[in-house]
Every structure is written in C-alpha cells, then in structure tokens.
Amino acid sequence: AQTVTQSQPEMSVQEAETVTLSCTYDTSESDYYLFWYKQPPSRQMILVIRQEAYKQQNATENRFSVNFQKAAKSFSLKISDSQLGDAAMYFCALQGGSEKLVFGKGTKLTVNP
Amino acid sequence: DTGVSQDPRHKITKRGQNVTFRCDPISEHNRLYWYRQTLGQGPEFLTYFQNEAQLEKSRLLSDRFSAERPKGSFSTLEIQRTEQGDSAMYLCASSIQTGPAADTQYFGPGTRLTVL
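Which chain is which? The protein sequence lines are V and C, in order. Per this note's numbering, the very first residue in the first sequence carries number 1; after that it's consecutive. Per this note's numbering, the very first residue in the second sequence carries number 1001; after that it's consecutive.
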C-alpha cells in the first residue's frame, strides 16, 4: 500500500518570510510522481508543483520549490517570500502504479501580515 | 478551458434517500476521477474513467455507490440509501493522457453532501 504522511497539521509564517512544509511517503513502485496541491478556504484544489521521481533535479515554480530526497522518501515544499494569498491547506500527493492520487492529511498554512 | 464543474455544489438529504452528482470535465480531457474528502482529511480516491470505461474502483467503495460516464464526457456519481457516514465533499478531477508520464489532475469545486 502507498502512504503519504504530513506531520505538521498547522504551520504559520510571517508575510515575506520562508516556510517549509514536510511530507514523507512510502511506495514500492520504482516509477512514481509527487505533487503538492493547494486548497484555499471554500475554493477548489489547484496544483502547486509536481516532481518526477526519476528526475534528480528538484522542481521549482516561481516562489515554490521542493526538496526531494528519494532515499529518505521525503518531499518537502518551500514557499519563499510568503504572501497572504498563500494561506490555504496544502496537500502532498503520490501517484505510482495506477492513475489515482494518494493524499496526505494536509497542512494548514496561515500567513500573518 | 472553463475548468471542471460540478453540480450541485451543496446537497442536503435524509438518510435512506438516493442522491446523484454530476461532473463536467475540462473539454477534451479523456480521464475523469472521483474522490471523497471528509473533514480534516485529504481526498480519498473512489474511481476513475478513461473515456467511457471505468478502469479502477477503490476497494473501499460500497456497493451503494455507482458511477457512470456514458459518452466519455460528463460523469455521474450516485449514492443509494444514503447513510450519515456518507456526509463528505465529493471531488471530481479530470486529466488528459499526453504520454507515459503521469497526467496532472485538475479538480472541480466539489459537491458537499450532508446526510441528516
């Protein structure tokens, strides 16, 4: 079975500062993909960033970057220059062996002005 | 693209009633997924379609749940004889298969079901 664990139920950050959200996973698949999704309050889930497991280079998307440690099965998300609009639930997700996504329980991020 | 749409956005029903939800994927997306999200949890996979074929169902999916995608476009999810434990947000997502790499799934706003 594939599992995704997000050990931080809540995190907070000051506007313009940097925050890192943690995610660990477990899979027996050799070919898999990892995702971070953002779910703002009462709004739909949107993709933040994705990482192919076969790629050694960490993915980046503007202020968002990941630290992918394959051996440790760790996939953390770093948000730089945090903005008020970054406040949301963040979900880490794994896809491998089938088309379905397996999600963690999420981390609620609060951005303080 | 107009995005994934779901209807209704909210549904309140009494225990034992049947409910049906609809999902319209992004046009030309050939894959469609249903997930369920309860309070404080991440989404949980229910089932997925490629075109009109239902290719995978969660083992956790009760026989009371059925999904269809008759023409490979919109999909419906029906829950028969609803129970209070069915109360959740039902999310639909769609994607387009572009090659061997994993698709990116685009989510709709969800249908929030409350069973009284």
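We put the beta carbon where it would ideally sit given N, CA and C, even for glycine.
So, using beta-carbon positions, are residue i and residue j closer together than 8 Å?
i, j, result
"C:Thr1076", "C:Arg1022", "yes"
"V:Glu99", "C:Glu1056", "yes"
"V:Gln51", "V:Tyr33", "yes"
"C:Leu1091", "C:Pro1043", "yes"
"C:Gln1105", "C:Ser1095", "yes"
"V:Ser7", "V:Ser22", "yes"
"C:Thr990", "C:Ala1088", "Examination of residue 990 of chain C is not possible in this model, given that chain C is present from 1001 through 1116 alone."
"V:Phe68", "V:Ile79", "no"
"V:Gln95", "C:Ala1093", "no"
"V:Pro113", "V:Leu84", "yes"
"V:Ser82", "V:Val19", "yes"
"V:Val102", "V:Val4", "yes"
"V:Asp31", "V:Ala1", "no"
"C:Arg1069", "C:Phe1049", "yes"
Straight-line CA distance for residue i to residue j?
i, j, result
"C:Gly1108", "V:Leu47", "12 Å"
"V:Lys55", "V:Glu61", "15 Å"
"C:Lys1014", "V:Glu29", "42 Å"
"C:Gly1099", "C:Glu1028", "15 Å"
"C:Asn1018", "C:His1010", "15 Å"
"C:Thr1002", "C:Arg1059", "32 Å"
"V:Cys92", "C:Gly1016", "35 Å"
"C:Lys1071", "C:Asn1051", "8 Å"
"C:Leu1061", "C:Leu1046", "6 Å"
"C:Val1004", "V:Pro40", "16 Å"
"C:Asp1007", "C:Thr1111", "7 Å"
"V:Met89", "V:Pro9", "9 Å"
"V:Lys105", "V:Trp36", "12 Å"
"V:Gly97", "C:Leu1113", "30 Å"
"V:Ala59", "C:Leu1116", "45 Å"
"V:Ala16", "V:Ala87", "13 Å"
"V:Gln14", "V:Lys70", "30 Å"
"C:Ile1012", "V:Ile49", "35 Å"
"V:Val66", "V:Ser42", "26 Å"
"C:Gln1041", "C:Tyr1035", "12 Å"
"C:Glu1078", "V:Lys38", "27 Å"
"C:Ser997", "V:Met45", "Outside the shown range of chain C, which is 1001 to 1116, sits residue 997 of chain C, and nothing can be said about it."
"V:Leu109", "V:Thr27", "26 Å"
Taking Cβ-Cβ distances shorter than 8 Å, what residues in chain D pair up with residue i?
i, result
"V:Gln95", "Here the protein chains are V and C, and chain D is not one of them."
Of all the residues that make up the segment 1047-1071 of chain C, which are near chain V by a beta-carbon distance shorter than 7 Å? Listed by position, the residues of the segment 1047-1071 of chain C near chain V (Cβ gap below 7 Å) are Tyr1048, Glu1056.
Name, going along the chain, the residues of the segment 38-64 of chain V whose beta-carbon falls closer than 8 Å to a beta-carbon of chain C. Answer in chain order: Arg43, Gln44, Met45, Ile46, Leu47, Arg50, Glu52.
Can you list, in chain order, the stretches of the beta strand (DSSP E) that have 3 or more residues and sit fully within the segment 62-98 of chain V? Qualifying beta strand (DSSP E) stretches, in chain order: 64-69, 74-79, 88-96.
What are the uninterrupted segments assigned as beta strand (DSSP E) that are 3 or more residues long and contained completely in the segment 5-42 of chain V, given in chain order? Counting whole runs of 3 or more residues, the segment 5-42 of chain V contains the beta strand (DSSP E) stretches 10-14, 19-21, 24-26, 32-39.
The segment 96-111 of chain V: positions lying closer than 9 Å to chain C by Cβ: Closer than 9 Å at the C-beta level to chain C, one finds these residues of the segment 96-111 of chain V: Gly96, Ser98, Glu99, Lys100, Leu101, Val102, Phe103, Gly104, Lys105, Gly106.
At which residue ranges does the segment 1061-1096 of chain C contain complete beta strand (DSSP E) runs of 3 or more residues, listed in the order of the chain? The segment 1061-1096 of chain C contains these whole beta strand (DSSP E) runs: 1065-1068, 1075-1079, 1088-1095.
Near-chain C residues of the segment 21-35 of chain V - C-beta to any C-beta below 7 Å: Of all residues in the segment 21-35 of chain V, Tyr33 have a Cβ within less than 7 Å of some Cβ in chain C.
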